[in-house]
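Data first, discussion second: the structure below is written as structure tokens.
2 protein chains.
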Amino acid sequence: MASEATALLIDDFDSRGPIARPTLHDAIVARVRDMIIEGELTPGTRLHEGNLGKMLGVSRTPLREALKFLVSEGLLELSPGRGAVVRQFSAKDVHDSLIVLGNLEGLAGRLACEHASDAEIREVRQLHDRMMDMYERRDRLPYFKLNQSIHSAILRLSKNEALVSVHNVLQARLKRIRYIGNEGPEKWAGAVADHEEMIDALEARDADQLSKILTAHMEKTWERVSNAI
Amino acid sequence: MASEATALLIDDFDSRGPIARPTLHDAIVARVRDMIIEGELTPGTRLHEGNLGKMLGVSRTPLREALKFLVSEGLLELSPGRGAVVRQFSAKDVHDSLIVLGNLEGLAGRLACEHASDAEIREVRQLHDRMMDMYERRDRLPYFKLNQSIHSAILRLSKNEALVSVHNVLQARLKRIRYIGNEGPEKWAGAVADHEEMIDALEARDADQLSKILTAHMEKTWERVSNAI
DNA sequence: CACAAGTATGCTGCATACAGAATTTTGTTT
DNA sequence: AAACAAAATTCTGTATGCAGCATACTTGTG
């Protein structure tokens, strides 16, 4: 046990700073975030500190701290004296967010072409190929998750922490909606075609092209999701 | 008193949702944020819940909630068991953030040309003229504040809430640094020249041009601040 | 004199307790 | 029966208390 802890220490010392052990705070934040994304808590739901705390097995204090955190992330809204409510996003909110996301991903693509290593690009290609497999099998959930992974990977390859950070915030707000927005066959095919172009542009390190595709991809995403809101 | 409350209710009912009275939480968040921006709390400083609470006249509970909020905003970092620390931004962090900000402002400019009313553009022109007055007098602090106002105004004129939101987060992180980064006469003149082009492009509703200026403006900002970090 | 181990203090993280506001329920009056 | 008022209940906001961990200090040893 001591040796294991030491190993962890050394590992982490090499990689970055002191150990970040999982805390109750993080766990609650992650759990509530998931509950929102997966639809267990629908927009407009009032979050009852007593009940929710009992449900999660924590007292109100750390729960409230986690809720404040999620308010800052934009997933919850706070009415003074009336507690936290799952935020309701209007169609315009979603559209606005997608425009910004498109722009951010466009920038990320441009930077990724510049900063990504060949090995890293090969990893994205692998994700892409696995995603295409899932498309062939029409296996939606794994497809969806791999799709998200690819977008996240491109962000990561931009090697721009600030960009990753703001992208994550916006992405989290929309995850629920994109999760719902399961498009029909023809639109799905369109999204897949976009992804083919994406990986080609990335491998060619064609920054302008990749940026253009990513921004356009997000506009098409709006068309796919808009009628579902 | 009842009539006043009712009037407020009606007012707010028309505009958006229930009243948002100032809360202790918001006050603490704002206060600590200011303390960071104004340099009272320097990067690396460990925030002592006991002392800070006494200083602000609040108990640890609401203070901790406010700190969690600021952690989510990226102004503080949290070491489990060791409390909150004012986040230290590396030169790369600042550079990365400025690149993203440049991109966001570029998008905002594009959208503002599309969505802003003539009256709104005139208001920006007024801000600009007042800022130029302050430049003539070499009055740095009002100049700085008007400068910020103009950028914020362009963001607002994009009529894109999501864009405003993510911009604010990044802006808050850098405010301290830009506050320090008081450039010399020649660089200051350069920034002013940029602003002249900006307002011209906005009045001409030349989206491409405004977008280009704003993005480039942020790159120059980096050159102005980089040696101060 | 330097270094390590043990101890002591102080701080964070969490739970609980209390006060005030909001909401719901109940009773009364028209 | 409906509407309004008042009381009771419930929930949020804040303070305080306690346990465990991190850090600093002290003391003993090489």
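Chains P and H supply the protein sequences, listed in that same order.
If you're matching positions, the first sequence starts at 4 in the numbering used here and goes up one per residue.
If you're matching positions, the second sequence starts at 4 in the numbering used here and goes up one per residue.
Note that beta-carbon positions come from the ideal geometry of N, C-alpha and C, so glycine has one too.
Measure the C-alpha to C-alpha separation of T218(P) and N106(P) and round it to an integer number of angstroms. Going by C-alpha positions, T218(P) is about 6 Å away from N106(P).
Three-state class that DSSP yields for H220(H) in the structure shown: Helix, per DSSP.
Whose C-alpha, out of N54(P), H154(P), L166(P), R208(P), is nearest the C-alpha of K178(P)? Of the candidates N54(P), H154(P), L166(P), R208(P), the one whose C-alpha sits nearest the C-alpha of K178(P) is H154(P).
Using a Cβ-Cβ cut-off of 6 Å (strictly less than) and excluding sequence neighbours within five positions of A87(P), which residues of its own chain qualify? Cβ neighbours of A87(P) beyond the five flanking positions: L50, L70, L79, L81.
Just the chain H side, please: which residues come within less than 9 Å of I102(P) by C-beta, in chain order? The answer, in chain order, is L110, L114, N163, A165, L166.
What does A86(P) pair with, by DSSP beta-bridge criteria? Per the sequence shown, residue 86(P) should be read as Gly rather than Ala. Partner(s): S82(P).
Using 10 angstroms around the beta-carbon of V228(P), count the other beta-carbons present and answer buried if the total reaches 16, otherwise exposed. Result: buried.
Work out the CA separation of K148(P) and D132(P) for me, nearest whole Å. Computed Cα separation, rounded: 13 Å.
Any C-beta of chain H under 9 Å from that of V195(P): It does not; no Cβ of chain H falls within 9 Å.
Does any residue of chain P bring its CB to less than 9 Å from the CB of G56(H)? So no, G56(H) is outside the interface.
Can you give me, in chain order, the residues of the stretch 49 to 79 of chain P that have a beta carbon less than 9 Å from any beta carbon in chain H? Within the stretch 49 to 79 of chain P, the qualifying residues are T64, R67, E68, A69, L70, K71, F72, L73, V74, S75, E76, G77.
Could you tell me which whole alpha helix (DSSP H) segments of length 4 or greater appear in the stretch 101 to 176 of chain P? Counting whole runs of 4 or more residues, the stretch 101 to 176 of chain P contains the alpha helix (DSSP H) stretches 121 to 139, 143 to 160.
Could you round the C-beta distance between L114(P) and N163(P) to whole angstroms and report it? I think they count as a contact, below 8 Å. N163(P) and L114(P) do touch by the CB rule: their CB atoms are close to 6 Å apart, below 8 Å.
Any C-beta of chain P under 9 Å from that of V88(H): By the rule that beta-carbons nearer than 9 Å mark a contact, V88(H) does not touch chain P.
Taking a contact to mean a Cβ-Cβ separation below 9 Å, would you say G103(H) touches L73(H) in this structure? The question names Gly, yet the displayed sequence has Val at residue 103(H). It is not a contact, given that the beta carbons lie outside the stated cut-off.
Is the stretch 126 to 145 of chain P touching the stretch 193 to 212 of chain H in the sense that three or more CB pairs, one from each, lie closer than 8 Å? In short, these stretches do not touch, since the Cβ pair count stays below three.
Give the C-beta separation of N97(P) and T45(P) to the nearest angstrom, bearing in mind that I take them to be a contact with Cβ-Cβ under 8 Å. Here the sequence assigns Val to residue 97(P), which means Asn is not the residue at that position. Incorrect: roughly 16 Å between the Cβ atoms, too far for contact.
Residue-chain proximity (L107(P), chain H), Cβ-Cβ < 9 Å: By this cut-off, L107(P) is an interface position.
Give me the chain H residues within the contact set of L173(P), using Cβ-Cβ distance strictly less than 9 Å, ordered along the chain. A165, S168, V169, listed in chain order.
If you draw a straight line from the alpha carbon of N54(H) to that of L166(P), how long is it in whole angstroms? Each residue's alpha carbon lies about 35 Å from the other.
With a CB to CB cut of under 8 Å and the five nearest residues on each side skipped, what residues in its chain are close to L66(H)? I31, E52, L55, G56, L59, listed in sequence order.
Could you tell me which chain P residues have their CB closer than 8 Å to the CB of D96(H), listed as they occur along the chain? Chain P residues near D96(H): E164, A165.
Would you tell me roughly how many angstroms separate the C-alpha atoms of A156(H) and A204(P), rounded to the nearest one? Taking the straight line from one Cα to the other gives about 36 Å.
Quick check on the burial criterion: 16 or more other C-beta atoms within 10 angstroms. Buried or exposed for E108(P)? The residue is buried, with at least 16 neighbouring Cβ atoms inside 10 Å.
Within chain H, the residues that D99(P) reaches when beta carbons sit closer than 7 Å: Residues of chain H with a Cβ closer than 7 Å to the Cβ of D99(P) are, in chain order, N163, E164, A165, L166.
For the alpha helix (DSSP H) that S75(H) lies in, which residues bound it at each end? Secondary structure note for S75(H): its alpha helix (DSSP H) is the uninterrupted segment 63 to 76.
Cα-Cα, which of V127(H), W225(H), A111(H) is closest to A210(H)? Minimum Cα distance to A210(H) is reached at A111(H).
So, helix, strand or coil for L50(P), using DSSP? In the three-state scheme derived from DSSP, where H, G and I count as helix and E and B as strand, L50(P) is classed as strand.
If you follow the alpha helix (DSSP H) that G187(H) is part of, which residue opens it and which one closes it? In the DSSP assignment, G187(H) falls outside any alpha helix (DSSP H), carrying neither H nor E.
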